[in-house]
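The sequence shown begins at 9 in my numbering and counts up one residue at a time.
Don't be surprised by glycine CBs; every beta carbon is placed ideally from N, CA and C.
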Amino acid sequence: MQATEPYAVPAPVLELDQACVAGEGRLILDHVSLRIEEGQHTAILGANGSGKSTLVKLVARQLYPLARDDGANSVRVFGRARWHVSQLRSLLGMVSPATQLDYTTDTPLEVFDAVVSGFFAARGLGLDHQVTHAMRERAHEALELMGAGRLIGRSMASLSTGEARRVLIARALVHRPRALLLDEPTAGLDIATRRRFLETLRHLAQHGTTLLLVTHHIDEIIPEIDHVVLLRDGKVMRRGTKADVLSSGVMSEAFDMPLEVRQRGEFFDAAPL
Ligand SMILES: Nc1ncnc2c1ncn2[C@@H]1O[C@H](COP(=O)(O)OP(=O)(O)OP(=O)(O)O)[C@@H](O)[C@H]1O
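Structure below.
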């Protein structure tokens, strides 16, 4: 099947089957298996060094799993083991601190060009990029959705962390991807911007975008997310519903500290005991 053809059977957004990643002579991801269906909004949670960013890089094709003895593929995204990055981005939008760094240090890149160049998986527009009217409309739509329309005309390098984050999420959204992988998306956002951003994520989740949210903040798990994958030392320590995973006992073990997990309305938070 060609990547551009529609899928007859909905494949899971992500399937890992005994995936291993090695670094400096040890396993950073150690036989990780998980399956995330379309519409199954998921939080990937874990302490510093538990393997979250490595998992994101694996999904993004920024690094590759160790070959399995039986020759089987250990990573599939939308049912496929092989992807051209630009094709993958049209289905799975991604925002991570690494992308942010690329764009904010790469001058001069104007905000609208940064967003519309998402169609070409390029960092900006080149002479060979044919930008259509429909693409421009989609870029405007995505910027408005993220409350970042007023930033058009500014250079990426001049934006604050929160502003740049909004623009980069708009860029990831231009394709109207079926899923969005967000690695620590609220890092560096102030309290009000963070709250508005989480509301935007709720809106996206309610309107058909499957969210994969990588975080170490329990209080960022929006009500729409009910599937939690908990990593510890490169392994899946636990996965299940929020009720299963977000308990004081499980969280204390994952973060190596006695924690009390409390539910506040539809959100959870954790505090040291
Ligand atoms: N290229 C590498 N070579 C060797 N070890 C690595 C490499 N990349 C990451 N690690 C190690 O793998 C472990 C997992 O790292 P990773 O960045 O995935 O954790 P994380 O859960 O994202 O942490 P944080 O919350 O601090 O961002 C850490 O112990 C890290 O030091």
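Curious, which full-length beta strand (DSSP E) runs of at least 3 residues does the segment 126 to 185 contain?
-> none
Beta-carbon separation of Q48 and V85 under 9 Å?
-> As a working note, residue 48 is residue 40 in the sequence shown. As a working note, residue 85 is residue 77 in the sequence shown. Contact flag unset, no.
Taking only heavy atoms of ligand 1 into account, decide whether any of them is closer than 8 Å to the Cβ of L239.
-> Counting from 1 along the sequence shown, the entry for residue 239 is found at position 231. L239 Cβ: within cutoff of ligand 1.
Considering only residues of the same chain and omitting the five flanking positions on each side of A11, which have a CB-CB separation below 6 Å?
-> Against the sequence shown, residue 11 aligns to sequence position 3. Per-residue confidence for A11 stands at a pLDDT of 46, beneath the threshold of 50, marking its modelled position as unreliable; no derived number is given.
In this structure, does DSSP put D241 in helix, strand or coil?
-> Counted from its first residue, the sequence shown places residue 241 at position 233. Looking at D241 - three-state DSSP - the assignment turns out to be coil, as it is neither helix nor strand.
Does at least one heavy atom of ligand 1 sit under 8 Å from the Cβ of I160?
-> Counting from 1 along the sequence shown, the entry for residue 160 is found at position 152. No, ligand 1 has no heavy atom inside 8 Å of this Cβ.
Compute the beta-carbon to beta-carbon distance between A89 and N81, rounded to the nearest angstrom, for a pair I have assumed lies under 8 Å.
-> In the sequence shown, residue 89 corresponds to position 81, counting from 1. In the sequence shown, residue 81 corresponds to position 73, counting from 1. So it is a contact: roughly 4 Å between Cβ atoms.
Cα-Cα, which of R144, G87, L71 and T50 is closest to D218?
-> Numbered from 1 along the sequence shown, position 210 holds the residue referred to as residue 218. The question names Asp, but residue 218 in the sequence shown is Thr. Answer by Cα proximity: T50.
Where are the beta strand (DSSP E) runs, 3 residues long or more, that stay fully inside the segment 184 to 209, in chain order?
-> 187 to 191
Tell me, to the nearest whole angstrom, how far the beta carbon of L176 is from that of V103; I am working on the premise that it is less than 8 Å.
-> Here residue 176 refers to the residue found at position 168 when the sequence shown is read from its first residue. Here residue 103 refers to the residue found at position 95 when the sequence shown is read from its first residue. The Cβ separation is near 5 Å, so the contact holds.
Decide yes or no for the touch test of the segment 29 to 47 against the segment 191 to 211: beta carbon pairs closer than 8 Å, at least 3 of them.
-> no
Straight-line Cα distance separating L99 from A75 = By 1-based counting over the sequence shown, the position of residue 75 is 67. By 1-based counting over the sequence shown, the position of residue 99 is 91. Straight-line Cα distance between these residues: approximately 25 Å.
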